[in-house]
Amino acid sequence: MSQLIFNGIVTGSLYALAALGLVLIYKTSDMVNFAQGEMAMFFTFIAFTVLSRNMPYFVAFICTLIFAGVMGFVIQRTIIKPLGTALISAMIASLGLMMILNGLAGNIFGFDTNPFPKVISMENFKVGSITVDPNSILIIIIAAIIMGGLFYYFKYTMSGLALRAAAQDQQAAKLMGISVDRVITLTWIISAMLAAVTGMLVAPTTNLSIGMMADVHLKSFCAAVLGGFNTFLGPVVGGLVLGVSENLFGKLVSISWKSVFTFALIIVMLVIKPNGICGTKFRKKV
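Note that the working numbering gives residue 194 to position 194 of the sequence shown, counting from 1, and the numbers run on in steps of one.
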């Protein structure tokens, strides 16, 4: 049982990171970025390319983060911003971007599956009854640092408070002198960087391919819905709950029914508590 819970926390940490990127954009732009998973995949291919040049892992990580940040800026400024308040058009554009990135990755990097190097090459070790992969510990630590850093940023920094204000009420934020356009651009940059980190953490466990993020991306939507799309804490709670519960269900019932359980859980949550575990009732101002 403890092994299942540990594995669930590792998986849930990945879901939470991916879901945070979705929620960041949703709260400031009122849209769902369907391309988030393909962005993560594409950025991971960039990291793999840098690593294949015999660069240190840290250098590849920093280069990928910079590339992701620039791409997030470019996508928001050249694709999303020109569409203005046409939210349906923006979401359709993100679907188009998803297909473009998938096709680009396949044609540039190839359609083969490649092993992605692990950060830590140590053997697994035992802690009581739990078999621990050092890279799993790294996933939990990195996820915790990023989540803690983001929560600190949102609560104690001026730009973080501006982001929260814009997410709460854009008109009021504008009246307070906050540049909402700049805040939205910043959220796309942060979200793209989160996608890059998530992809680099997922790749060693699934191997690198153009379809590597499909399951994680889908489950990140579920995590955001489960925890609450209108709160920054929601995707973290939702991701961890989903990761642990689906691992327990897969072992205790049947691993082939894991996905069925996940989506059944989401449907039940939408019926019982539509705003999610951490969500609050939201009224649209008109």
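Note that the Cβ used here is the ideal one computed from N, Cα and C, for glycine as well.
(request) Thinking V50 and C63 are a contact (beta carbons under 8 Å), I'd like their distance in whole angstroms, please. (result) Start at 1 with the first residue of the sequence shown, and residue 50 comes out as number 50. Start at 1 with the first residue of the sequence shown, and residue 63 comes out as number 63. That pair is a contact at about 5 Å.
(message) Do G21 and Q36 count as a contact pair if the criterion is CB distance below 7 Å?
(response) If you number the sequence shown from 1, residue 36 lands on position 36. If you number the sequence shown from 1, residue 21 lands on position 21. Taking C-beta atoms as the reference points, Q36 and G21 count as a pair closer than 7 Å.
(request) For the beta strand (DSSP E) holding I130, just list the boundary residues, first then last. (result) Here residue 130 is taken as the residue at index 130 of the sequence shown, counted from 1. Taken as a continuous stretch (DSSP letters only), the beta strand (DSSP E) holding I130 covers I130 to V132.
(message) Quick check: M200 and A19, are their CB atoms within less than 7 Å of each other?
(response) Within the sequence shown, the letter at position 200 stands for residue 200. Within the sequence shown, the letter at position 19 stands for residue 19. Annotated as distal: M200 and A19, with beta-carbon spacing of 7 Å or more.
(request) Run through the region 128 to 186 for me and flag every whole alpha helix (DSSP H) of 4 or more residues, listed as ranges in chain order. (result) 134 to 156, 158 to 168 and 170 to 175
(request) Go through its chain and collect everything with a Cβ distance to V301's Cβ below 6 Å, but skip five positions before and after it. (result) Nothing in the structure corresponds to residue 301, since the chain is present only between 1 and 286.
(message) Would F45 and A68 be called neighbours here (beta carbons separated by less than 7 Å)?
(response) Taking the first residue of the sequence shown as 1, we reach residue 45 at position 45. Taking the first residue of the sequence shown as 1, we reach residue 68 at position 68. Contact: no.
(message) If we define contact as Cβ-Cβ less than 7 Å, is V236 a contact residue for chain B?
(response) Looking for chain B here will not work: only one protein chain is present.
(request) Please name the residue, chosen from P134, L252 and I145, that lies closest to I120 on a Cα-to-Cα basis. (result) Here residue 120 refers to the residue found at position 120 when the sequence shown is read from its first residue. When the alpha-carbon of I120 is set against those of P134, L252 and I145, the nearest one is in P134.
(message) Taking the alpha helix (DSSP H) that K219 belongs to, which residues open and close that run?
(response) Looking up residue 219 in the sequence shown gives position 219. Taken as a continuous stretch (DSSP letters only), the alpha helix (DSSP H) holding K219 covers A214 to G227.
(request) Look at the alpha carbon of Y152 and the alpha carbon of A172, and state the distance between them as a whole number of angstroms. (result) Counting from one through the sequence shown, the residue named residue 152 turns up at place 152. Counting from one through the sequence shown, the residue named residue 172 turns up at place 172. The straight-line gap from Cα to Cα measures roughly 23 Å.
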